[in-house]
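> Numbering (my numbering), first residue to last: 30 to 137. All residues carry an ideal CB built from backbone N, CA and C; glycine is no exception. As the structure is a prediction and not an experimental result, all values here were calculated from the model. Starting off with a structure, shown below.
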C-alpha cells in the first residue's frame, strides 16, 4: 500500500474524512490533520493558528517528507442555524488561506 504517495486530509476525524481515508488507503498513505485526532495516522492541528498549523506540518515533514501527492481540505465550520457567525470567516476563509501558505514549503 501507499505506493502512490502521501495524501494529506484536513478534517480527517469527521465522517467524510474517515470515509475518504478508508477509500484512498489501499493506494496512498493517508495522513490526517484535525483537532480531534484519535488515530496514529492523524496529527493534531488547528487551522486557525499559525503556530499550531506550523507545528503540525513540521510533524508531517519529519514523518513523511516534503512531497505530498494531494491535499484534501475538509476542515470547516458550519452550523444549521443560518445565523451569521464569525467562525465562518475565521475557519473557512482565513484557515484555508493559512493552510495554503503553510503548504508553500511542500511539493504538492
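Using only the alpha-carbon positions, how far apart do residue 76 and residue 112 sit?
Mapped onto the chain shown, residue 76 falls at position 47. Mapped onto the chain shown, residue 112 falls at position 83. Whole-angstrom Cα-Cα distance: 22 Å.
> So who's on the other strand from residue 136, going by DSSP bridges?
Residue 136 sits at position 107 when you count from the first residue of the chain shown. Paired residue(s): 96.
> Quick test of your reading: residue 100 and residue 60, contact by CB under 8 Å. State the CB separation rounded to the nearest angstrom.
As a first step, residue 100 must be located in the chain shown, where it is residue number 71. As a first step, residue 60 must be located in the chain shown, where it is residue number 31. That pair is no contact at about 10 Å.
> Roughly how many angstroms separate the alpha carbons of residue 37 and residue 80, rounded to a whole number?
Residue mapping note: residue 37 aligns to position 8 of the chain shown, counting from 1. Residue mapping note: residue 80 aligns to position 51 of the chain shown, counting from 1. Answer to the nearest angstrom: the Cα atoms are 18 Å apart.
> Quick one: what does DSSP say residue 58 is sitting in, helix, strand or coil?
Taking the chain shown and counting its residues from 1, one reaches residue 58 at position 29. Residue 58 falls in the strand class under three-state DSSP.
> Determine the DSSP secondary structure at residue 166, reduced to helix, strand or coil.
In the structure displayed, the chain extends from 30 to 137; residue 166 sits before or after that span and is not available.
> Report the residue from 82, 41 and 126 whose alpha carbon sits nearest the alpha carbon of residue 54.
Residue mapping note: residue 54 aligns to position 25 of the chain shown, counting from 1. The residue with the shortest Cα to Cα distance from residue 54 is 41.
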